[in-house]
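Q: Just dropping this structure here.
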Amino acid sequence: MTNSDDKQEEDKQEQEQEGARQEQERVEFGRALKHFRGGVSVRALAKRECNQGRDRISVSQLYRYEGGKILPGLKHAKHLDTLYGADGKVELFLATLRDQTWNPYYDDPSKPKRKYFYRWPSEYSGLVWMHLKPAADLIDSRHKIHLRWGPWKMATETVIPADGVYLVTGKAADDSNQSVTLELNCDLHIFALFGAGRIENETAPKLDIRQKWTWR
Numbered sequence: 001m002t003n004s005d006d007k008q009e010e011d012k013q014e015q016e017q018e019g020a021r022q023e024q025e026r027v028e029f030g031r032a033l034k035h036f037r038g039g040v041s042v043r044a045l046a047k048r049e050c051n052q053g054r055d056r057i058s059v060s061q062l063y064r065y066e067g068g069k070i071l072p073g074l075k076h077a078k079h080l081d082t083l084y085g086a087d088g089k090v091e092l093f094l095a096t097l098r099d100q101t102w103n104p105y106y107d108d109p110s111k112p113k114r115k116y117f118y119r120w121p122s123e124y125s126g127l128v129w130m131h132l133k134p135a136a137d138l139i140d141s142r143h144k145i146h147l148r149w150g151p152w153k154m155a156t157e158t159v160i161p162a163d164g165v166y167l168v169t170g171k172a173a174d175d176s177n178q179s180v181t182l183e184l185n186c187d188l189h190i191f192a193l194f195g196a197g198r199i200e201n202e203t204a205p206k207l208d209i210r211q212k213w214t215w216r
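Quick note on numbering: the UniProt record's numbering labels position 157 of the sequence shown as 157, and the sequence is numbered without any gaps.
Here's what the structure looks like:
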């Protein structure tokens, strides 16, 4: 076998492994949707009032999501979470799966903002993160970021490259099943994606902010 043949074989194996990984993610996401649907039929779910507007998702599309045929785009995350009554879990799961290929100019119909609010599921305990990406005209600019989260606050400054930057911290389960809202403020317009668990992106810088929190 020549070096060229070896390289082609390696590329083929990597593509097969990536394909298998993506298939497994689709299956796991579909299984989660079925869990949240419970005893309600897919057709009854599709007829719910919250699914009759502009963001309506058809019965056939829901079957494809649940069957692991396709993974929904991030623009459907919040709507699916509401439709399935998942209390943030579907939105979080999809954001975590989609993060590595997240392109806010394609995935997010909204414009970059200076303020975001987010709530992780109340019972979640573990690593959480905020993936911040700059507006097109602010790549590699220094951004001043302020966070408020319950009785805690945090401030930091960082240059945000095109691939973005992660702010990483920890979260304990919330008392009384009441999720605490995190407020993110930035002096410049940014895109933000909120997730949890392991970060697959190997190129974007990660800032551990767990020791930066102070009492408000």
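Backbone N, C-alpha and C fix where the C-beta goes; we use that ideal spot for every residue, glycine too. Computed from a prediction, not measured in an experiment: that's the story for all the values here.
Specify the secondary structure class of residue 19 as computed by DSSP and reduced to three states.
A: If DSSP states are grouped into helix, strand and coil, residue 19 belongs with the helices.
Q: Output needed for residue 64: all residues of its chain with C-beta closer than 7 Å, excluding positions within five of it in sequence on either side, in chain order.
A: Counting only Cβ-Cβ distances below 7 Å, and skipping sequence neighbours, we find 70.
Q: Residue 129: buried (16+ other C-beta within 10 angstroms of its C-beta) or exposed?
A: By the neighbour-count rule (16 or more Cβ atoms within 10 Å), residue 129 is buried.
Q: Could you give the first and the last residue of the continuous beta strand (DSSP E) run that contains residue 208?
A: Per DSSP, residue 208 belongs to the beta strand (DSSP E) from 206-208.
Q: I believe residue 183 touches residue 93 by the beta-carbon criterion, under 8 Å. Please report the beta-carbon distance rounded to the nearest angstrom.
A: In fact, because the Cβ distance is near 23 Å, the residues do not count as touching under 8 Å.
Q: In whole angstroms, what separates the C-alpha of residue 39 from that of residue 86?
A: Distance between the alpha carbons of residue 39 and residue 86 is about 14 Å.
Q: Just the C-alpha distance for residue 192 and residue 12, rounded to the nearest angstrom, thanks.
A: Whole-angstrom Cα-Cα distance: 34 Å.
Q: Is the number of C-beta pairs between the region 139-153 and the region 169-182 that are closer than 8 Å three or more?
A: Touching, per the Cβ criterion.
Q: In whole angstroms, what is the alpha-carbon distance linking residue 115 and residue 189?
A: Rounded to whole angstroms, residue 115 to residue 189 spans 8 Å at the Cα level.
Q: Which runs of the alpha helix (DSSP H), 4 residues or longer, sit entirely within the region 30-54?
A: With a minimum length of 4 residues, the continuous alpha helix (DSSP H) runs that stay inside the region 30-54 are 42-46.
Q: Residue 106: buried (16+ other C-beta within 10 angstroms of its C-beta) or exposed?
A: So residue 106 ends up on the exposed side.
Q: Spatial neighbours of residue 163 within its chain, please: CB distance less than 6 Å, with the 5 preceding and 5 following residues excluded, ordered by chain position.
A: The answer, listed in chain order, is 203, 204.
Q: Provide the residue(s) that pair with residue 148 in DSSP beta bridges, ordered along the chain.
A: Answer is 153, 183.
Q: Compute the Euclidean distance between the alpha carbons of residue 217 and residue 37, then round it to the nearest angstrom.
A: It is not possible to answer for residue 217, since the shown part of the chain is limited to 1 through 216.
Q: Strictly by DSSP, which residues pair up with residue 158?
A: 143, per the DSSP bridge assignment.
Q: Taking the straight line between their C-alpha atoms, what separation do you get for residue 112 and residue 138?
A: Roughly 11 Å separates the two Cα atoms.
Q: Measuring only between beta-carbons, confirm whether residue 27 sits less than 8 Å from chain B.
A: The question asks about chain B, but that chain is absent: this structure has only one protein chain.
Q: From what residue to what residue does the beta strand (DSSP E) around residue 138 run?
A: Unbroken run through residue 138: none, as it is neither H nor E.
Q: What did DSSP end up calling residue 84 once you bin it into helix, strand or coil?
A: It is coil, neither helix nor strand.
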